[in-house]
Each structure stands twice: as structure tokens, then as C-alpha cells.
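Residue numbers (our numbering): 270 to 505. For each residue, glycine too, the CB sits at the ideal point set by N, CA and C. The structure presented is a predicted model; accordingly, all values stated were derived computationally and were not measured.
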Amino acid sequence: MSRSSSKDIDPADPEQREVGQGLLDEEMGPSGSMAHLYRGEIHRMRFWRERLDRTTNWAIIVIAAILTWSFSSPTNPHYVLLLGGGILITLLVFEARRYRGYDIWRSRMRTLQKNVFAYGLDPSQGLEDQNWRAELSSDYRQPQLKITMEEAIAHRLRRVYLPLLTIVLGAWVIRITAYADIPVPASAAIGDAPGFLVIAIVVISFGALLFIAVRPRTWYAETELKDEDLRERQDS
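Set out below in C-alpha cells:
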């Protein structure tokens, strides 16, 4: 049986009334369907938050194991620490992709918090966004990623991975200086690759990640718990 088109709907017939009509009027309190919608967004956001935490836990466990093994014996090669840094960067990319998905659900949750619950608690402050209904409706009709991969990487670098990479870099420097029998840069050599080349690659790689993390930008991720001066509001 084919579905009836919108032209066949009789507005006078209560059984054919448009689904959702008047459901989210400003007079309506945050209850009923709105409450179920909000709980659903919270559940999905928490699921993606747990996925982020899982990747972070992997990164910490891997680095702890590599650091312990690297300094357990003077004969252990220093480049294992660089391998650990490469693993961290790989996990960073995975986590950034998950963060972009997490931001979809978090942005919806924050939209409801700011424009429904906050407004209901104190209407005198007005609405955060006058067009929030149209924007949220559009997002439900066609969900889209809201932040770039670079911004997601920058977020995770600031929160987790830049400190971890700094620890690995510091451990590697100690390993090729205090724990080496030959002077730098020869102590940084890996096989036929000369030490100065290895050092240059490490410095350039770390510098590129540092630049991504701290460069000025407009942050499009929905309000994070961080200093307000780190985020500029998206231009309307």
C-alpha cells in the first residue's frame, strides 16, 4: 500500500494532523517527547565519550609499557621510543575521528540545554539562538560532521596527546644523551640513517603537531569546558 502524500492530509481531521505540530512551542515545558529526545542524545553522547576514553587508555598503557621497557636496560635501542610516538600519533588520528562523531551528539545536547532547559529555568535571559529549532531540525534530517579533522586533532592534542608526546620526546632525549656511550648526534642514528637526520625529523614532526595544537583558529566544536578566550563564537 502506498503512503499518502502531504496533499491528501486534511488539517481538520485530528487523526491526520501533522506529526509534531506544536510539540516544541515555547510555552511547552521540557517534558514528554522533549525529555525522551534529550535522554536519547545524552545516551549517544555518553557512548561516544566512552569510545574516546577507551582510545586514551590504550595510548597511556602503550606508552607506559614502552617507557618501562626502554629504560630497563642500557642496551635497549632508543628508537623504540620513537616507535611509541608513532603509535601515539596513530591513536591520535583514530581518536580525532571519534571526536568528530562525539561532537555531533554533544552539539545537539548543548542546543537543547541552552535553548530549552536554560530558557525554561530563566526566560528573562532570552534564547541563546533564535534559529535553534530550524538548525536542529536540519541536523536531524541530514546529520553532518560539524568540525574539521584538524580541529578535532587540535582538541585531542590539547587535552591528552601533546603532554604524552612531550613525555616521550623528553624520554628519547634522555635516552640518546645520558644513556648513550657516544655523543649526540651520532647516538640518535638508526641503522644507516644519520643521527642529525633522525633528530631533524623528530623536531619537525613535533613542531608540526605543536603548531596544529596552538595556532589561532575559530573553534566550531560546541562549548567545551575550557577558558573562554580559547574559543571564538562561530560567525552567523
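Check: L434: first and last residue of the uninterrupted alpha helix (DSSP H) it sits in; Outcome: 431-446
Check: Candidates R402, V331, H424, Q413, of which the one nearest A482 by Cα; Outcome: H424
Check: Inter-stretch contact (C-beta, 8 Å, three-pair minimum) for the region 418-435 and the region 341-352; Outcome: no
Check: Own chain, CB closer than 7 Å to D254, minus 5 neighbours either side, in chain order; Outcome: As displayed, the chain neither begins before 270 nor continues past 505, which places residue 254 out of reach and without an answer.
Check: Integer-rounded CB distance, given that K383 should sit under 8 Å from E397; Outcome: 4 Å
Check: Selected residue, minimal CA-CA separation from L478, among V385, W338, Y430; Outcome: Y430
Check: C-alpha distance - A455 paired with A462, whole-angstrom precision; Outcome: 10 Å
Check: Start-to-end residues for the alpha helix (DSSP H) that takes in I473; Outcome: 464-483
Check: Span separating the alpha-carbon of W488 from that of W338; Outcome: 39 Å
Check: Selection from V331, T344, S341 that minimises the alpha carbon distance to L357; Outcome: V331
Check: Short Cβ contact (7 Å threshold) for W401 with E310; Outcome: no
Check: Test item: CB-CB of Y368 and A304 under 7 Å; Outcome: no
Check: Assigned exposure category for P485 - 16 Cβ within 10 Å defines buried; Outcome: exposed
Check: Through-space distance from A458 to I468, alpha-carbon basis; Outcome: 9 Å
Check: Limits of the alpha helix (DSSP H) - the one that D372 falls within; Outcome: 348-381
Check: Test: R367 CB closer than 7 Å to a CB of chain C; Outcome: Absent from the structure: chain C. Only one protein chain is present.
Check: Helix, strand or coil at I451 [DSSP, three-state]; Outcome: coil
Check: Buried versus exposed, by CB contacts within 10 Å (16 or more), L360; Outcome: buried
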